[in-house]
Structures are given as C-alpha cells and as structure tokens.
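Read the structure below first, then the notes.
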Amino acid sequence: MIWWAYAGFSGSIVFSVVILALTIGVPRDGVVQLAVGAASFMLAGAMLASICILAFRRRRHVRRR
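If you read the sequence shown in my numbering, its first letter stands for residue 5, the second for the next number, and so on.
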C-alpha cells in the first residue's frame, strides 16, 4: 500500500519538474532528459529503501513445539 503512495508522490514530483521546465523554456529534448533523470533517481531511491528495509528488518522467530 505504501508503494502506491510513493508512486503518486514521485509521479507528481516528476510532473511538477516537467511543467516547470516547460514554463521556463527548456527545449523538449532537455525536458525529456530531465524527466527520465528525475524518474530514475526516484526509482533508485525507492529500490534502495526497499532493499535496506528487507535487509535490516527484524525477523520474527516462530517457536515450534
């Protein structure tokens, strides 16, 4: 469920960056590169966070009788 929220958050950030770049007059090729770079950065951050959570989370040991 948290990943849906993160997807919306990162999508809105990338959209805002693209709109800002178009507003100030960045060429379309530059806007595409900026959007791809921002989306890649957000994806890499999410992957790193996910790996860290999986690596450092406490394991619950189930006692068997």
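Backbone N, C-alpha and C fix where the C-beta goes; we use that ideal spot for every residue, glycine too.
Assign residue i to buried or exposed, taking buried as 16 or more other Cβ atoms, counted over all protein chains shown, within 10 Å of its Cβ.
i	result
Val36	exposed
Val18	buried
What does a CB cutoff of less than 8 angstroms around residue i pick up in its chain, not counting 5 residues either side in sequence?
i	result
Leu52	none
Excluding the five sequence neighbours on either side, which residues of its own chain have a C-beta within less than 7 angstroms of the C-beta of residue i, listed in chain order?
i	result
Tyr10	Ala50
For residue i, which residues from the same chain have a beta carbon less than 6 angstroms from its beta carbon, with the 5 sequence-adjacent residues on both sides left out?
i	result
Phe13	none
Ala25	Val35, Leu38
Residue i to residue j, Cα distance in whole Å?
i	j	result
Met46	Cys56	15 angstroms
Gly41	Thr27	18 angstroms
Val22	Trp7	22 angstroms
Ser16	Arg32	19 angstroms
Leu58	Ala43	23 angstroms
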